[in-house]
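A.B. asks: According to our numbering, the residues represented by the sequence shown are 2 to 226, in order. Below you will find the structure I want to go over with you.
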Amino acid sequence: MEKQSQVVVFGIWGSSYCKRVEIALALKGIPYEYVEEDLANKSESLLHYNPVHKKVPVLVHNGKSIAESLVILEYIDDCWKHGPKLLPEDPYLRAKLRFWANFYDQKLKASATQIMMSRGEERERAIKDFGEVLKVFEDGVKKDLPAEFPCFDGKNLGFLDIVVGSSACNYEASHEVAGVIFSPETNPTFWSWVTALKNHPLMKRMLPPHDKLVAKMRQKYFQSA
């Protein structure tokens, strides 16, 4: 496989974590081979390249594998210096971007998933919890980062833009399946950011097809409904 392509990505089409990797590679103009995985029947290659977690995404570069999407994004930025920089040079800004990217994954995405999985009063509590976590995220990003990071300028996608956009830009599918999670009325700052990201040509091209994603979400979250 490595003889055919210097860079190989193992992923699944509907995963925002995998899309992050593809977006970063495309942004820097790095050609790669994509391998679609079936997590119900994992390939020997995936198990070989990611024996610890046995999950996607996995980036293989010259036969060496890197796992975990945030780690892969940093590797891409460090390894390929050409093209747009995903992270700034300043160590403080880099650290803060890493912190809020981790917060987004561990807190905000988990909170949104809870909304998708809950019903009735439990769902109402989950929506309230999501709003509180989102407020912490918004306030923290505003406080810790200068205006150019990560506020999207409509041109250059950065590290946190990719992390947020790869999942939040699919909000129309989430809303169709589970109802409104965030809106311009309740979350104007986050909504403006996500809307700008969604209009970026690369993001438009890389995001999963809406109807296919809706069907996947319904199957995942409403199998027993």
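We treat Cβ as the ideally placed atom computed from N, Cα and C, and that holds for glycine. Model, not experiment: these values are computed from the prediction.
So, helix, strand or coil for L60, using DSSP?
C.D. replies: Residue mapping note: residue 60 aligns to position 59 of the sequence shown, counting from 1. Strand at L60.
A.B. asks: Helix or strand or just coil, what does DSSP make of Y93?
C.D. replies: Counted from its first residue, the sequence shown places residue 93 at position 92. Three-state DSSP puts Y93 in a helix.
A.B. asks: May I ask which residues mark the beginning and end of the alpha helix (DSSP H) holding I31?
C.D. replies: Taking the sequence shown and counting its residues from 1, one reaches residue 31 at position 30. Note, I31: premise wrong, no alpha helix (DSSP H); not H, not E.
A.B. asks: What separation, rounded to the nearest whole angstrom, lies between the Cα atoms of A25 and D78?
C.D. replies: Indexing the sequence shown from 1 puts residue 25 at position 24. Indexing the sequence shown from 1 puts residue 78 at position 77. Rounded to the nearest angstrom, the two C-alpha atoms are 8 Å apart.
A.B. asks: Entirely within the region 151-199 and at least 4 residues each: give me those alpha helix (DSSP H) ranges in chain order.
C.D. replies: Runs found: 160-169, 172-179, 189-199.
A.B. asks: Got a sec: is the Cβ-Cβ distance from K143 to anything in chain C below 8 Å?
C.D. replies: The structure shown has no chain C; it contains just one protein chain.
A.B. asks: When you compare only the Cα positions, how much space is there between I128 and I67?
C.D. replies: Numbered from 1 along the sequence shown, position 127 holds the residue referred to as residue 128. Numbered from 1 along the sequence shown, position 66 holds the residue referred to as residue 67. Roughly 35 Å between the two C-alpha positions.
A.B. asks: Hey, how far is the Cα of S225 from the Cα of M118?
C.D. replies: Locating residue 225 in the sequence shown gives position 224, where the first residue counts as 1. Locating residue 118 in the sequence shown gives position 117, where the first residue counts as 1. In this predicted model, S225 has a pLDDT of only 42, less than 50, meaning its place in the structure is not dependable; the value taken from the coordinates is given anyway. Rounded to the nearest angstrom, the two C-alpha atoms are 11 Å apart.
A.B. asks: Under a Cβ-count criterion, where at least 16 other Cβ atoms within 10 Å of its own Cβ denotes burial, should C80 be classed as buried or exposed?
C.D. replies: In the sequence shown, the residue the question calls residue 80 occupies position 79. The residue is exposed, with fewer than 16 neighbouring Cβ atoms inside 10 Å.
A.B. asks: By DSSP, does L48 sit in helix, in strand, or in coil?
C.D. replies: As a first step, residue 48 is located in the sequence shown; it is residue number 47 there, counting from the start. The answer is helix: DSSP assigns L48 an H, G or I state.
A.B. asks: I need the straight-line Cα distance from H211 to L94, nearest angstrom please.
C.D. replies: Numbered from its first residue, the sequence shown carries residue 211 at position 210. Numbered from its first residue, the sequence shown carries residue 94 at position 93. Distance between the alpha carbons of H211 and L94 is about 34 Å.
A.B. asks: To the nearest angstrom, how far is it from the Cα of K97 to the Cα of G132?
C.D. replies: Mapped onto the sequence shown, residue 97 falls at position 96. Mapped onto the sequence shown, residue 132 falls at position 131. The alpha-carbon atoms of K97 and G132 are separated by roughly 22 Å.
A.B. asks: Okay, do the region 46-61 and the region 8-27 touch, 3+ Cβ pairs below 8 Å being the bar?
C.D. replies: Yes, since at least three Cβ pairs between the region 46-61 and the region 8-27 fall closer than 8 Å, the two stretches touch.
A.B. asks: Could you check whether L109 and V134 sit closer than 8 Å to each other, using their CB atoms as the reference points?
C.D. replies: By one-based count along the sequence shown, residue 134 stands at place 133. By one-based count along the sequence shown, residue 109 stands at place 108. The answer is yes: Cβ separation under 8 Å.
A.B. asks: Return helix, strand or coil for I67, following the three-state DSSP convention.
C.D. replies: Within the sequence shown, the letter at position 66 stands for residue 67. Strand.
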